[in-house]
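Each remark here refers to the structure printed beneath this line.
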Amino acid sequence: MREDFDQLLFGLAGVIFLEGLGIALDVVGQYAIGSVLIVIATVWILSIYFFMKYIEKKDSENEENEDNSYNNF
223 MREDFDQLLF
233 GLAGVIFLEG
243 LGIALDVVGQ
253 YAIGSVLIVI
263 ATVWILSIYF
273 FMKYIEKKDS
283 ENEENEDNSY
293 NNF
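Here is the structure:
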């Protein structure tokens, strides 16, 4: 569980960095680059979120299958 939390924090730190860099570039005047970085960061955090939900779903399915296999004996 701790490793998952660490990976999530690293992902969030990367997203915050990219979002901050994108906003800073928008303020400076590099609108295209800043906007692209904001979009990349948003897609990145959404992909991390959906991947974590997928992993949780698979883990719960595996736990249910293990419980059912113990009941068969």
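The opening position of the sequence shown corresponds to residue 223 in the numbering used here, with each subsequent residue numbered one higher.
Note that CB positions come from ideal geometry on N, CA and C, so glycine has one too.
Using a Cβ distance threshold of 8 Å, L259 and G244 count as a contacting pair.
In the structure shown, G251 adopts coil according to DSSP, grouped into three states. Around the beta carbon of G256, 16 or more other beta carbons sit within 10 angstroms, so the residue counts as buried. Excluding residues up to 5 positions away in sequence, I260, A263 lie with their Cβ nearer than 7 Å to the Cβ of E241 in the same chain.
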